[in-house]
Structure formats: structure tokens, C-alpha cells
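Trainee:
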Amino acid sequence: MARLKRRATAGDTAAARDLALDLLDGVQDQQGHSVVRRNSPYAVRLLQQAAENGDSSAAAMLGYAYDVGQGTRCNASLAIKWYHRAFKQGDTLAAANLATVYRDRGNLRLSHQWHLRAMKMGDGDAAVDAGYDYLYGIGVLKNLRSARRMFHHALRST
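Residue numbers for the sequence shown follow our numbering, so the first one is 4 and each next one is one higher.
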């Protein structure tokens, strides 16, 4: 951990991201004893540093931290900002998380569009969600043929 912290302090983006992962929830041994104590606010600062240096995974994790309020206050606008950045860098999970954010905000049409984007990036779960949207007309016109196509796509992605 000390080596990881030194590397992160020296500006190593991957080390900052990895240290942040350990600090977000802490690390426990097999008996459940704390090996690394949780420090979520510091983890968020590390994620921001790594994300600003171009790490797509860090950007997606930072979006999640703002989305659920882990180590920081919930802020849907900042969550969307960081998810968008991660998506532009090719992070599939960010696209799926954007679908969830928009769904939770009541924008079902935009949620469906993000399900489709995540599906096109290879996310089989997003294909199931898109199929469900078509099956029940959630954010899109009900279309059983499209629903079937999405479900088949999901089956092929596993």
C-alpha cells in the first residue's frame, strides 16, 4: 500500500486509480479484519486526479461515486459529466450507468438510447434492458420484433 501511495503521489495515474479502489470500500482479510481502512473522500480525490489524466475507468468510478454519494455528496450532474467522459473513452459500464441515471430521472427515452449504446459496445445486460424497453414500450414504442432482436443479441453476447 505504501508503494502504491508513493506512486500515486508521484503522479502515476494507474496507481492513483488502484489506490482509490482500495480506499473506497477498504480491504479486509479472509477473517473480515480490516487490512486497509476505508477513506472514501480521499478515494474520490484520487479518482478525480486519475480521471482528469485520462483514465476512463477512474472517470466511470468517479461518476459512480457522484451517482450514489460514495465519498462525496450525490450530484447527478457531475455523475453524468464523468460517465459521459468515460463513455467517450470507450467505457461500456459508463454507458449502462448513464441509462440508469436517466431512467431514475424519469427520462425513459434517453435511458433507452443509452441502453442501445451500451449494447452496441458489447454489454449483454444492456441488450436485455433494451429488449425489455421494446417489449413493454418503456421510453420507446412497443415493438415485439425489436424486443426479440435485442434478446437474441443478449444471448449471443454471453
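Backbone N, C-alpha and C fix where the C-beta goes; we use that ideal spot for every residue, glycine too. Source: prediction; values computed, not measured.
List the residues that DSSP assigns as beta-bridge partners of Q31.
Mentor: Beta-bridge pairing links Q31 to S37.
Trainee: Between S59 and A133, what straight-line distance do the alpha-carbon atoms span, to the nearest angstrom?
Mentor: Distance between the alpha carbons of S59 and A133 is about 24 Å.
Trainee: I need the straight-line Cα distance from Y67 to T103, nearest angstrom please.
Mentor: Whole-angstrom Cα-Cα distance: 11 Å.
Trainee: Figure out for me which residue from D128, Y105, N56 and D21 has the closest Cα to the Cα of V39.
Mentor: The option with the nearest alpha carbon to V39 is D21.
Trainee: Give the DSSP-derived three-state secondary structure of M4 in the structure shown.
Mentor: Here M4 sits in coil by DSSP.
Trainee: Leaving out five residues on either side along the sequence, give the residues of the same chain with a beta carbon under 6 Å from the beta carbon of R76.
Mentor: Excluding residues within five positions, none has a Cβ falling inside 6 Å.
Trainee: What does a CB cutoff of less than 7 Å around R120 pick up in its chain, not counting 5 residues either side in sequence?
Mentor: A98.
Trainee: Between S149 and Y139, is the Cβ-Cβ spacing less than 8 Å?
Mentor: For S149 and Y139, no; Cβs fall outside 8 Å.
Trainee: Does DSSP classify M153 as helix, strand or coil?
Mentor: Correct three-state label for M153: helix.
Trainee: Give me the residue from D28, G14, L96 and H36 with the minimum Cα distance to G127.
Mentor: Closest by alpha carbon: L96.
Trainee: Would you decide whether H36 is buried or exposed? Buried here means 16 or more other CB atoms lie within 10 Å of its CB.
Mentor: Exposed is the call here.
Trainee: List the endpoints of the continuous alpha helix (DSSP H) containing G134.
Mentor: G127 to Y139 is the span of the alpha helix (DSSP H), which, as asked, contains G134.
Trainee: With the cut-off set at 8 Å, would you say L49 and A11 are in Cβ contact?
Mentor: Yes.
Trainee: From Q31 to A46, what does the alpha carbon distance come to, in whole angstroms?
Mentor: In a straight line, the C-alpha of Q31 is about 17 Å away from that of A46.
Trainee: Could you please give the first and the last residue of the uninterrupted alpha helix (DSSP H) stretch that includes A102?
Mentor: Where A102 is concerned, the enclosing alpha helix (DSSP H) stretches over T95 to D107.
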